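Below is one structure, written out as structure tokens; the observations come after it.
Number of protein chains: 2
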Amino acid sequence: MPLIVTGTIGIDTIYTPDAVAEKVLGGSCTYFAAAASFFTQVRLVAAAGGDFHDDYRAVFAKFPNVCVEGLEIRPASKTFAWGGKYFDNWNQRETLFTELGVLAEHPPKIPAAYQDSKYIFLANSHPTVQLELLRAFPKRVVSVLDTMNLWIDTAREELRAVMREIDGLIINDEEARMLTDIRNPITAGKKIIAEMGPMFVVIKKGEHGCILVHDEGVAMLPAYPVESVIDPTGAGDSFAGGMMGHLAAAHSKDVNISMASIQQALAHGTVIASFTIESFSLDRLARLTKDEVAKRYTDFQEMVRV
Amino acid sequence: MPLIVTGTIGIDTIYTPDAVAEKVLGGSCTYFAAAASFFTQVRLVAAAGGDFHDDYRAVFAKFPNVCVEGLEIRPASKTFAWGGKYFDNWNQRETLFTELGVLAEHPPKIPAAYQDSKYIFLANSHPTVQLELLRAFPKRVVSVLDTMNLWIDTAREELRAVMREIDGLIINDEEARMLTDIRNPITAGKKIIAEMGPMFVVIKKGEHGCILVHDEGVAMLPAYPVESVIDPTGAGDSFAGGMMGHLAAAHSKDVNISMASIQQALAHGTVIASFTIESFSLDRLARLTKDEVAKRYTDFQEMVRV
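Sequences listed follow chains W and H, in order. Sequential numbering from 1 applies to the first sequence in the numbering used here. Sequential numbering from 307 applies to the second sequence in the numbering used here.
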């Protein structure tokens with residue numbers, strides 16, 4: 001089932017306690033698409049600037065399931081650039097710089113061939129842009145939204161408007177609290193479902209895993225235990241990509257977003273994200289095999305067996 | 307299989323953001339024994355003072371599987387008393403006062419009838435006391451140790467001595483880090499197993515669940531999602547009690563502490579602990595039924611299904 005992602009291409013500079021990566025390929029769309037491509041074909045809609053050189057493009061070529069027809073290059077503009085620094089505990093990071101570049105311009109154009117897309121993932125961007133993009137896919141079956149603290153603070157009404165039209169929301173625990181004024185993530189998730197539109201909410205807790213609040217019930221998953229974290233950047237987007245990729249691949253007439261199918265999809269998202277953080281940028285995903293994914297998935301099943 | 311726990315009886319005064327409980331029954335032994343009693347008979351070895359009045363004793367009477375023959379009352383002494391305050395996020399607590407009472411005296415005597423105990427849980431106390439108690443059970447099959455930051459700081463050599471003789475260790479993530487100087491809990495757990503004696507380590511993460519590092523592999527479990535936390539006191543001891551109770555009840559000749567049996571036991575500990583925090587003291591456990599435990603266990607299985 002065609003899956004589409006709209007979001008950012010980024011050129012990241014990342015400082016970790018152990019190393020530095022300068023001007024590497026990043027962005028929500030990038031991580032999402034690479035992760036989802038292990039399960040299904042992914043269509044990418046994003047913009048980049050004249051500084052998006054061939055080496056970056058070559059990275060996408062390593063993921064044959066990612067269609068980059070919707071990658072719009074604007075030669076006179078600059079690609080979104082982000083600099084971040086992680087501290088010893090890996091859970092805290094500081095943004096060193098943000099250069100919006102193409103993100104400050106109009107949204108990218110959606111190729112005509114993409115308009116029949118059924119599975120839609122709206123990676124983090126301004127909720128008004130997200131709503132416009134969402135409505136560009138009238139044949140959508142499942143739509144899921146990511147957002148961030150900035151929009152909860154500064155564009156809450158616009159965010160609430162797009163939330164009314166989507167099926168699922170992916171946020172972190174702090175964002176769930178901001179959105180509801182409720183600390184308990186389960187209670188917060190239930191309020192979102194009862195009052196704000198989505199049928200399910202995935203609450204990400206980083207190294208502590210995730211919680212699913214669904215109108216059928218509640219589920220939890222720990223993260224896969226990675227001992228050698230190199231760079232956590234992109235973990236959340238890879239997690240979302242693995243989840244949506246698995247959902248789209250498992251599409252059927254009736255159970256697209258049943259509790260059980262999302263639980264399964266989240267486990268696959270967890271596994272893909274665990275590979276992402278084993279290197280900078282897409283290095284690990286670019287040399288990841290389906291066999292490795294299947295093996296780690298089986299290991300993960302054993303690890304969380306009750 | 308006979309399970310024994312040595313630890314503290316406490317008289318707790320607890321402030322939460324919503325309520326206060328004054329001079330209620332607590333202590334590591336108490337929570338542990340009550341929790342374990344849902345799965346097996348538990349023998350308790352602990353001391354209390356002349357202020358341990360009939361109302362406290364009556365609480366134990368609500369758990370017919372708890373044998374209190376080893377509860378030693380010292381009329382001229384005072385029971386260990388602890389005062390604590392929880393803050394809005396429930397994860398942080400401040401100790402308001404600690405009155406050692408009987409804990410500053412000699413360890414309790416072990417009844418002759420207890421000397422054949424096979425499953426031993428050494429709840430938190432000075433490691434020298436723990437070692438002496440451990441050696442009082444020559445027929446032990448499985449012994450598990452709890453400890454705390456204080457002993458890691460002030461009695462590390464004595465702690466290492468008792469660790470060399472036990473099968474399992476239960477600690478929290480911060481204690482795992484203190485013990486090994488390693489932040490990653492998996493890596494820390496592996497170091498403990500490789501170098502310090504235990505065959506398995508359970509690392510507690512509070513509301514984020516637990517990690518098992520075992521010489522057969524690694525496992526994780528989320529916590530059961532409780533929306534209405536009244537008082538987290540005793541969660542860790544109940545968790546350990548549920549785990550050990552289930553292990554002792556499931557005793558067999560070969561697989562007492564296999565990876566799979568501990569995983570199952572941890573899930574039962576998780577379920578019991580989730581009830582404990584729904585009230586102050588042992589209020590919830592005292593009216594808990596085996597059917598409720600079985601129901602929540604089944605729900606939990608569904609929630610973590612991969």
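We put the CB at the ideal spot given by N, CA and C, even for glycine. Bear in mind that the values here come from a model prediction, so they are computed numbers and not experimental data.
Closer than 8 Å to chain H by CB, residue i
i         : result
TYR154(W) : Here residue 154(W) is Thr; the residue named in the question, Tyr, does not match the sequence. Not closer than 8 Å to any Cβ of chain H, the Cβ of THR154(W) fails to qualify, so no.
ARG305(W) : yes
GLU227(W) : yes
THR180(W) : no
ARG284(W) : no
HIS246(W) : no
LYS204(W) : no
GLY209(W) : yes
ASN65(W)  : no
First through last residue of the beta strand (DSSP E) which encompasses residue i
i         : result
ARG93(W)  : 93 to 99
ASP452(H) : 448 to 452
Any chain W beta carbon closer than 8 Å to residue i
i         : result
ARG380(H) : no
MET526(H) : yes
GLN569(H) : yes
GLN607(H) : yes
ASN478(H) : no
ALA573(H) : yes
LYS601(H) : no
ARG489(H) : yes
ASN455(H) : no
THR493(H) : yes
Cβ neighbours of residue i in the same chain (closer than 6 Å, five flanking residues each side left out)
i         : result
PHE63(W)  : ALA34, SER37
ASP116(W) : LYS139
GLY474(H) : VAL450, PRO504, PHE506
MET565(H) : HIS520, GLU522, GLY523
GLU375(H) : PRO417
GLY27(W)  : THR8, ILE9, GLY10
SER238(W) : TYR31, ALA35, ILE272, ALA273, THR276
THR128(W) : GLU158
GLN436(H) : LEU428, VAL468
GLU513(H) : ALA529
GLU173(W) : With the sequence shown as reference, residue 173(W) is identified as Asp, and Glu is not the correct amino acid for it. Around ASP173(W): PRO185, ILE203, LYS205.
ARG363(H) : none
TRP151(W) : PRO127, LEU159
Paired residues, beta bridge with residue i - DSSP
i         : result
GLY10(W)  : GLY26(W), PHE80(W)
TYR119(W) : LEU3(W), VAL142(W)
TYR15(W)  : VAL20(W), LYS85(W)
VAL42(W)  : LEU3(W), VAL66(W)
Spatial neighbours of residue i in its chain, beta-carbon cut-off 8 Å, leaving aside the 5 residues before and after
i         : result
LEU402(H) : THR319, TYR321, GLY389, GLY390, LYS391
GLY356(H) : ILE379, ARG380, PRO381, ALA382, SER383, LYS384
GLN264(W) : HIS246, ALA250
ILE193(W) : MET199, PHE200, VAL201, VAL213, HIS214, ASP215
ASN91(W)  : GLY206, GLU207
Residue range of the unbroken alpha helix (DSSP H) whose run includes residue i
i         : result
PRO433(H) : 433 to 441
HIS251(W) : Where HIS251(W) is concerned, there is no enclosing alpha helix (DSSP H), given that its DSSP letter is neither H nor E.
GLU598(H) : 596 to 609
ILE257(W) : From DSSP, ILE257(W) is part of no alpha helix (DSSP H); its letter is neither H nor E.
LEU588(H) : Here LEU588(H) belongs to no alpha helix (DSSP H), and DSSP marks it neither H nor E.
Neighbouring residues, chain B, relative to residue i (Cβ below 8 Å)
i         : result
ASN395(H) : Of the protein chains in the structure, W and H, none is chain B.
Spatial neighbours of residue i in its chain, beta-carbon cut-off 7 Å, leaving aside the 5 residues before and after
i         : result
LEU44(W)  : VAL5, CYS29, ALA33, VAL66, CYS67, VAL68, GLY70, LEU71
VAL226(W) : SER274, ILE277, GLU278
Could you tell me which uninterrupted beta strand (DSSP E) segments, each at least 3 residues in length, are contained entirely in the region 352 to 414 of chain H, listed from first to last along the chain?
377 to 380, 386 to 392, 399 to 405
In chain order, which beta strand (DSSP E) runs of at least 3 residues are fully inside the region 153 to 238 of chain W?
168 to 172, 200 to 204, 210 to 214, 217 to 221
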